[in-house]
Amino acid sequence: MIQGHSLSERRACPVCGSTIYMNFADEHIDQEKINNFTYASRKQPEFMCFHLVRCMRCNLVYAPKTPNRSFLSAAYADAAYDSGQEAQCAAKSYAHALVPYMAVLRNRTLAVDVGAGSGALLPWLRDIGFQMVIGVEPSRAAINAAPASVKPLLREGMFGTELLNGVRPSLICSFMTLEHLDEPGQFVKTAYSLLEPRGMIALVVHNWCALLNRLLGLRSPIIDVEHLQLFNPRSLRTLLTESGFVSIDLKSIRNVYPLQYWLRLTPLPAGVKTRIAGALHSLRLSDTQVSLPVGNILAVGRKLSDRKE
Ligand SMILES: [Zn+2]
Numbered sequence: 081m082i083q084g085h086s087l088s089e090r091r092a093c094p095v096c097g098s099t100i101y102m103n104f105a106d107e108h109i110d111q112e113k114i115n116n117f118t119y120a121s122r123k124q125p126e127f128m129c130f131h132l133v134r135c136m137r138c139n140l141v142y143a144p145k146t147p148n149r150s151f152l153s154a155a156y157a158d159a160a161y162d163s164g165q166e167a168q169c170a171a172k173s174y175a176h177a178l179v180p181y182m183a184v185l186r187n188r189t190l191a192v193d194v195g196a197g198s199g200a201l202l203p204w205l206r207d208i209g210f211q212m213v214i215g216v217e218p219s220r221a222a223i224n225a226a227p228a229s230v231k232p233l234l235r236e237g238m239f240g241t242e243l244l245n246g247v248r249p250s251l252i253c254s255f256m257t258l259e260h261l262d263e264p265g266q267f268v269k270t271a272y273s274l275l276e277p278r279g280m281i282a283l284v285v286h287n288w289c290a291l292l293n294r295l296l297g298l299r300s301p302i303i304d305v306e307h308l309q310l311f312n313p314r315s316l317r318t319l320l321t322e323s324g325f326v327s328i329d330l331k332s333i334r335n336v337y338p339l340q341y342w343l344r345l346t347p348l349p350a351g352v353k354t355r356i357a358g359a360l361h362s363l364r365l366s367d368t369q370v371s372l373p374v375g376n377i378l379a380v381g382r383k384l385s386d387r388k389e
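Position one of the sequence shown corresponds to residue 81 (our numbering), numbered consecutively onward.
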């Protein structure tokens, strides 16, 4: 259960450290809707959130008070998992967006995917030539859902130096995970210190300033109790710059999902969704793959040397 007493002390902006903000959304949590899907990926959107504010310096939207670390670790460890097909679709979209950047990455010693879920991206990383591939994932259910060939590549837990056995990654990627961390700045600093010189970080996040999210407002699926912060291009660039990354590049990406999944994300009433889903099914369109720009951004940055360690 998410209850008031489990919330942290008030935090400053977790990207730039500013304490100057304006209100963005009041807390909206229905305790009766909290279950083991609350901290699962790609659930039916519930449009619940903690109190959210907007940083006046870097434009990050964030919760000043978050559940404490032990609560979050336990919640993700025990989260349910039901997103196999969608995870495959998402991995394809991210791989497609990463291709141009992989051409400039000379070393391919180790690639680490943080928040790897059932490891959908890992076979692609192996296929493009990484000698070692590791996925870090806190959810046991997600790891259990991984194919037998991928499961040995997954490490259960939160991201940390001890998971890598001293091997320095050439690439650290993390897709749709940064929003869930109570210290995203610390995560990116740790990634910087672990990467080998000229190594690369690649992040995908929701962009709260994207047109679709602005139009939907608090009925956007990015309004989620799991999300402790929401980025936009400025705050994401600040996050990487403050940690020492250079050659930072940001671009909007498109996601490809089956029509039935896009329908699930809409803020339509449940009865309307059920009728549309029935129509799609009878027209055999449920699994039709559709590519849409729904306001996600990819950011990559390079580490030049070890000077920041
Ligand atoms: Zn800020």
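Idealized CB from N, CA, C, for every residue including glycine. All of these numbers come straight from a predicted model, not from anything done at the bench.
Three or more Cβ pairs drawn from the segment 301-312 and the segment 255-262 lie within less than 8 Å of each other, which places the two stretches in contact.
Checking the 7 Å criterion, the Cβ of CYS93 is within range of a heavy atom belonging to ligand 1.
Ranked by Cα distance from GLY195, the first of ILE252, ALA228, TRP204, MET182 is ILE252. Taking ASN139 as reference, the option from ALA157, CYS93, TYR156, HIS361 with the minimal CA-CA separation is CYS93. It is roughly 32 Å from the alpha-carbon of GLY97 to the alpha-carbon of ALA175. The segment 148-217 is shown to contain whole alpha helix (DSSP H) runs of 4 or more residues at 149-157, 164-182, 202-207, in chain order.
Note: VAL284 is bridge-paired with PHE255, LEU378 in the DSSP secondary-structure output.
Within 7 Å of the C-beta of ARG314 there is not a single heavy atom belonging to ligand 1.
Judged by beta-carbon spacing, ALA157 lies within the 8 Å limit of PRO218, meaning their Cβ atoms are closer than that value. The residue among LYS383, GLY279, GLU112, PRO144 with its C-alpha nearest the C-alpha of ARG134 is PRO144.
Cβ-Cβ distances below 8 Å link SER385 to PRO277 in the same chain, with the five nearest sequence neighbours on each side left out; the list follows chain order. ASP110 is classed as exposed because its beta carbon has fewer than 16 other beta carbons within 10 Å across all chains shown. Comparing C-alpha distances from GLU112 to each of GLU126, THR99, GLU242 shows the shortest one belongs to GLU126. For the set PRO373, ILE302, GLN340, SER332, the Cα lying nearest the Cα of LEU132 is the one of ILE302. For VAL133, the enclosing beta strand (DSSP E) stretches over residues 132-135. LEU330 is not a Cβ neighbour of ALA271, given a cutoff of 8 Å. Between the segment 191-207 and the segment 220-231 there are three or more inter-stretch CB-CB distances shorter than 8 Å, so the stretches are counted as touching. In this model, ALA167 and GLN340 are separated by some 14 Å (Cα to Cα). A distance below 8 Å separates the beta carbons of ARG382 and PHE325.
In the DSSP annotation of this structure, GLU322 is not part of any beta strand (DSSP E); the continuous alpha helix (DSSP H) holding it starts and ends at 313-322. By the C-beta criterion, the segment 225-243 is judged not to be in contact with the segment 285-297, since fewer than 3 inter-stretch pairs fall below 8 Å. For the pair VAL141 and GLY265, the CB atoms are not nearer than the 8 Å cut-off. Collapsing the DSSP output to three states places LYS353 in a helix. The beta carbon of MET212 lies closer than 6 Å to those of LEU190 in the same chain, with the five residues before and after it left out. In its chain, beyond the 5 residues on either side, ARG382 have a beta carbon closer than 6 Å to the beta carbon of SER327. Distance between ASN287 and PHE311, taken at the CA atoms: about 5 Å. By the CB criterion at 8 Å, LYS269 and SER323 fall inside the cutoff. Linking ILE281 to SER362 through their CA atoms gives a straight-line distance of about 43 Å. Annotated as proximal: ARG188 and PHE210, with beta-carbon spacing under 8 Å. A straight-line Cα-Cα distance of about 26 Å links ARG317 and LEU152. Beta-bridge pairing by DSSP links SER332 to ILE377.
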